[in-house]
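J.:
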Amino acid sequence: MGVRITERTIKSLKPPASGNRIFYDEQVGGFGVRVTASGTISFILTYWTGGRQRRHTIGRHPELNATAAREEAIRLRDSIRRGGDPLGDKEQRRAAPTVADLFEDFMERHAKIYLRPNSIRCYEVMARKIVLPRLGKIKVADLRRRDVEELHQSLKDTPYHANRTRALLSKMMSLAKRWEWRADNPCEGVPKFHEEKRDRWLSTQEIERLCDALDDHRNQSAANAIRLMLLTGARRGEVLTASWKDFNLELGIWTKPSHHTKQKRTEHVPLSPPALQLLVSMKEKSGEGEYLFPGNVAGKPLQEIKQVWSAVCKQASLENVRLHDLRHTYASHLVSSGMSLPIVGRLLGHTQPQTTARYAHLADDPLRQATNRFASIVAAARSRKRADVVPLHRDRDA
Numbered sequence: 380m381g382v383r384i385t386e387r388t389i390k391s392l393k394p395p396a397s398g399n400r401i402f403y404d405e406q407v408g409g410f411g412v413r414v415t416a417s418g419t420i421s422f423i424l425t426y427w428t429g430g431r432q433r434r435h436t437i438g439r440h441p442e443l444n445a446t447a448a449r450e451e452a453i454r455l456r457d458s459i460r461r462g463g464d465p466l467g468d469k470e471q472r473r474a475a476p477t478v479a480d481l482f483e484d485f486m487e488r489h490a491k492i493y494l495r496p497n498s499i500r501c502y503e504v505m506a507r508k509i510v511l512p513r514l515g516k517i518k519v520a521d522l523r524r525r526d527v528e529e530l531h532q533s534l535k536d537t538p539y540h541a542n543r544t545r546a547l548l549s550k551m552m553s554l555a556k557r558w559e560w561r562a563d564n565p566c567e568g569v570p571k572f573h574e575e576k577r578d579r580w581l582s583t584q585e586i587e588r589l590c591d592a593l594d595d596h597r598n599q600s601a602a603n604a605i606r607l608m609l610l611t612g613a614r615r616g617e618v619l620t621a622s623w624k625d626f627n628l629e630l631g632i633w634t635k636p637s638h639h640t641k642q643k644r645t646e647h648v649p650l651s652p653p654a655l656q657l658l659v660s661m662k663e664k665s666g667e668g669e670y671l672f673p674g675n676v677a678g679k680p681l682q683e684i685k686q687v688w689s690a691v692c693k694q695a696s697l698e699n700v701r702l703h704d705l706r707h708t709y710a711s712h713l714v715s716s717g718m719s720l721p722i723v724g725r726l727l728g729h730t731q732p733q734t735t736a737r738y739a740h741l742a743d744d745p746l747r748q749a750t751n752r753f754a755s756i757v758a759a760a761r762s763r764k765r766a767d768v769v770p771l772h773r774d775r776d777a
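Residue numbers (this note's numbering): 380 to 777.
What follows is the structure, encoded as structure tokens:
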């Protein structure tokens with residue numbers, strides 16, 4: 380026989396000696412209250428679906444009162460009549476992938492197939508240190524734009540890293556949408572922070588101090604990696620993952636394989652005499668190793684040179700200089716010396732002219748020298764003309 384489940388009814392219920400006992404409501408079919416031997420009271424809904432009986436826990440008392448539980452039971456019964464399955468939905472949600480699960484799939488199904496090794500390492504660090512501690516346990520389907528905005532805002536003091544984190548999340552969510560894990564991308568509409576373009580490149584004097592510091596450093600393998608970056612303008616990842624098979628030392632050509640370049644295309648880079656001399660010297664000492672810069676793990680290239688870079692910058696008194704600024708230094712000095720932007724762009728592996736256009740203002744230097752030279756010619760001509768002119772009128776007082 381059923382009872383009307385109210386707060387007064389619940390207070391009168393006695394725990395069973397063992398197990399649990401369910402008291403069903405006399406008005407709402409399947410709605411009941413379960414009491415365990417330990418005194419725990421929960422509201423439940425028993426229903427049939429697909430030819431089998433299921434029991435869904437609505438909530439625990441007193442966090443949920445009898446009136447609210449009754450209203451939820453009525454709502455669930457309406458859903459069941461329309462083909463819903465509350466317990467099945469709950470089980471699906473429990474098994475639904477989290478942001479951490481999505482990141483693992485992102486790495487296996489996307490990053491390790493389409494991205495460069497250096498990009499993969501950067502994403503792994505970004506995810507482990509920033510994204511997963513904050514969002515990793517959230518279900519992919521439940522991630523809100525507000526969650527993304529709060530994470531992005533928490534990194535506002537480092538706009539570059541904030542925007543890169545947003546970009547990683549956006550790519551993950553785009554894939555989640557493609558894989559039908561959710562219907563939209565919550566990163567869309569989250570504005571990026573403004574980033575000041577770096578315009579740091581080494582002067583001739585700074586290059587001299589850097590070279591002296593590299594000569595003095597005890598880790599000459601890492602020092603050679605930095606030298607090669609300076610002499611070729613190559614990216615750090617391209618240099619550290621370079622194999623001897625990519626170099627033709629007789630012709631002085633470095634063939635960068637497509638899976639090592641940012642643009643995903645093979646590049647053939649001519650080597651200057653100093654770069655070639657450096658490589659020949661390294662080859663004589665390297666033996667039969669695969670990589671120019673072997674790492675501590677057998678068969679793997681060198682992973683990081685940040686500590687060496689910090690040390691040589693300190694010794695050379697170089698401030699606010701990143702390894703990537705060696706690439707800017709290479710390009711800036713070439714453009715300043717009169718080299719055309721298209722040629723510099725080809726040396727850097729740029730596919731879009733606007734990428735190299737950041738150095739356009741440096742091309743003004745040789746133009747300014749030329750126009751100044753002509754101005755001096757005009758000035759000299761005017762000076763000669765004045766010297767040849769005899770005054771036609773004398774002063775009245777003369």
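Where is the CB? At the ideal position from N, CA and C, for every residue including glycine.
DSSP on Thr436, reduced to helix/strand/coil?
T.: strand
J.: Look at the alpha carbon of Ala742 and the alpha carbon of Gly612, and state the distance between them as a whole number of angstroms.
T.: With a pLDDT of 49 at Ala742, under the threshold of 50, the modelled position of that residue is not reliable, and the figure given next carries that caveat. Taking the straight line joining both Cα atoms gives about 18 Å.
J.: Enumerate, from N- to C-terminal direction, the unbroken beta strand (DSSP E) stretches of 3 or more residues contained entirely within the region 537-601.
T.: none
J.: Can you tell me which of Val414, Lys643 and Ala448 puts its alpha carbon nearest to the alpha carbon of Ala396?
T.: Val414
J.: May I have the straight-line CA-CA distance separating Asn564 from Ala592, to the nearest angstrom?
T.: 48 Å
J.: Could you tell me which whole alpha helix (DSSP H) segments of length 4 or greater appear in the region 671-706?
T.: 685-694
J.: Measuring CB atoms only, is the region 689-709 touching the region 634-650, in the sense that at least three cross pairs come out at less than 8 Å?
T.: no
J.: Smallest Cα separation from Glu405: which of Ile423, Phe422, Val618 and Val382?
T.: Val382
J.: Can you give me the C-alpha to C-alpha distance between Gly463 and Thr544, rounded to a whole angstrom?
T.: 38 Å
J.: What are the boundary residues of the alpha helix (DSSP H) that includes Thr388?
T.: Glu386 to Ser391
J.: Under three-state DSSP, which class holds Ile499?
T.: helix
J.: Looking only at C-alpha atoms, which of Ser665, Val700, Arg431 and Ile722 sits nearest to Leu581?
T.: Val700
J.: Does Lys469 come out as helix, strand or coil in the three-state DSSP assignment?
T.: helix
J.: Leaving out five residues on either side along the sequence, give the residues of the same chain with a beta carbon under 8 Å from the beta carbon of Leu702.
T.: Ile605, Met608, Arg615, Ile684, Lys685 and Trp688
J.: Please determine, among Asp521, Trp427 and Arg500, the residue with the shortest C-alpha to C-alpha distance to Leu455.
T.: Trp427
J.: Could you please give the first and the last residue of the uninterrupted beta strand (DSSP E) stretch that includes Arg413?
T.: Phe410 to Thr415
J.: When the distance is taken between beta carbons, is Val676 closer than 8 Å to Leu628?
T.: no
J.: Taking only runs that begin and end inside the region 604-645, name each unbroken beta strand (DSSP E) of 3 or more residues, in chain order.
T.: 632-635
J.: Just verifying my parser: in three-state terms, what is the DSSP assignment at Arg400?
T.: The DSSP-derived three-state label of Arg400 is strand.
J.: Alpha carbon to alpha carbon, how far is Asn598 from Ala695? Give it in angstroms, no decimals.
T.: 16 Å
J.: Tell me which residue opens and which closes the beta strand (DSSP E) that Ser421 is part of.
T.: Ile420 to Thr428
J.: Taking only three categories from DSSP, how would you classify Arg454?
T.: helix
J.: Can you tell which of Tyr709, Glu585 and Trp633 has its C-alpha closest to the C-alpha of Leu610?
T.: Tyr709
J.: Pairing CB atoms from the region 475-482 with CB atoms from the region 513-526, are three or more of them under 8 Å?
T.: yes
J.: Given that a residue counts as buried once 16 or more other Cβ atoms are within 10 Å of its Cβ, and exposed if not, what is Ile492?
T.: exposed
J.: Given that a residue counts as buried once 16 or more other Cβ atoms are within 10 Å of its Cβ, and exposed if not, what is Lys635?
T.: Buried, by the Cβ-count rule.
J.: When the distance is taken between beta carbons, is Lys556 closer than 8 Å to Ala562?
T.: For Ala562 and Lys556, yes; Cβs fall inside 8 Å.
J.: Does the separation of the CB atoms of Phe402 and Gly408 fall below 8 Å?
T.: no
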